[in-house]
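Working notes, beginning with the structure itself.
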Amino acid sequence: MTKQELFENIKRKESFLCVGLDTDINKIPEHILNNSDDPIFDFNVQIVKATADLCVAYKPNLAFYESIGLAGWDALERTVDYIRAEYPDQFIIADAKRGDIGNTSAMYARSFFGNMDFDAVTVAPYMGEDSVTPFLTYENKWVILLALTSNKGAFDFQLMKDADSSDRLFEKVLKKSQSWGTAENMMYVVGATKAEMLTEIRSIVPEHFLLVPGVGAQGGSLAEVAEYGLNDQCGLLVNSSRQIIYASSDSDFKDAAHDEARKLQAEMSDILKNRGLI
151 MTKQELFENI
161 KRKESFLCVG
171 LDTDINKIPE
181 HILNNSDDPI
191 FDFNVQIVKA
201 TADLCVAYKP
211 NLAFYESIGL
221 AGWDALERTV
231 DYIRAEYPDQ
241 FIIADAKRGD
251 IGNTSAMYAR
261 SFFGNMDFDA
271 VTVAPYMGED
281 SVTPFLTYEN
291 KWVILLALTS
301 NKGAFDFQLM
311 KDADSSDRLF
321 EKVLKKSQSW
331 GTAENMMYVV
341 GATKAEMLTE
351 IRSIVPEHFL
361 LVPGVGAQGG
371 SLAEVAEYGL
381 NDQCGLLVNS
391 SRQIIYASSD
401 SDFKDAAHDE
411 ARKLQAEMSD
421 ILKNRGLI
């Protein structure tokens, strides 16, 4: 999917919502667990059906699938195939946080872009250019680099200043990576709980899309993220996982997920209209 196609979907749906499919086998409603041969896939299908008209992206977190072995991988592949077949306008992100020496990254890229039809994969930039560029060789596919995350441990390294340039580590990542990819194939992860720093981030990467986790259960503010992070093509994918997919643990979980997604979409619609983007 191209950047322009993504922006057109955002305008059409009046939404920049990404739904995180962090599907935990221990949190799936009992009636699905008791009546399904593939409860993770069946749960995902119901969540997607309930939210597809309200979001522009889905983001399976691979840890939740890898944790149960082959059955989890099978459910993941079936989920991607289902979304691709039934909702081809959706942008699908592999939240994998990969990043290794070049030949290993090439195999990761083949896995997510060649074998499974993801649009994007999250990548850790710590090992440098050769660990990232193999993902950028696929046409209309995206790298989403970790830049400034929303977890407490982000302060351990990401905000450390370089003694010579005074750049913090996340700023060095943003600046250096500009020579690896472009705004047409590279996004950045910026946590919603760091929303006040989006102004500084936008001064470095004004045209790139930002994937923003942390809205909802993690306490991030959608209004603040939009205030500091929007650009003239929206430039934001705001992710919500637990707030939507676990809005209810009972048989009404689909309706509850729809209602939570609708609340975020309605707020996003107002934001886009107020900024003159739709």
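Okay, so the sequence shown: first residue is 151 according to the working numbering, each after it adds one.
We put the beta carbon where it would ideally sit given N, CA and C, even for glycine.
Where the alpha helix (DSSP H) through residue i begins and ends
i, result
"Ile421", "Phe403 to Asn424"
"Ile394", "Arg392 to Ile395"
"Glu346", "Premise fails: Glu346 is in no alpha helix (DSSP H) and is neither H nor E."
"Leu380", "First-last for Leu380: undefined, no H or E at that position."
Three-state class that DSSP yields for residue i in the structure shown
i, result
"Lys291", "coil"
"Asn335", "coil"
"Lys311", "strand"
"Lys322", "helix"
"Gln218", "The sequence given here has Ile at residue 218, not Gln. Three-state result, Ile218: coil."
"Leu386", "strand"
Distance between residue j and residue i (C-alpha atoms, nearest Å)
i, j, result
"Tyr208", "Pro275", "22 Å"
"Asp420", "Gly341", "22 Å"
"Gly219", "Ala225", "10 Å"
"Glu227", "Phe268", "10 Å"
"Phe166", "Met310", "31 Å"
"Leu422", "Gly170", "22 Å"
"Ala373", "Val271", "26 Å"
"Val388", "Asn184", "33 Å"
"Trp292", "Ile178", "30 Å"
"Phe307", "Arg318", "9 Å"
N- and C-terminal bounds of the beta strand (DSSP E) containing residue i
i, result
"His362", "Correcting the residue type first, residue 362 is Val in the shown sequence and not His. That run of the beta strand (DSSP E) goes Leu360 to Val362."
"Ala244", "Phe241 to Arg248"
For residue i: DSSP bridge partner residues
i, result
"Val340", "Leu298"
ask   = Along the chain, which unbroken stretches of the alpha helix (DSSP H) at least 4 residues long are found entirely within the stretch 151–211?
value = You should have 153–163, 180–183 and 189–201.
query = Which residue spans inside the stretch 252–297 form an unbroken beta strand (DSSP E) run of at least 3?
reply = Listed in chain order, the complete beta strand (DSSP E) runs (minimum 3 residues) inside the stretch 252–297 are 270–273.
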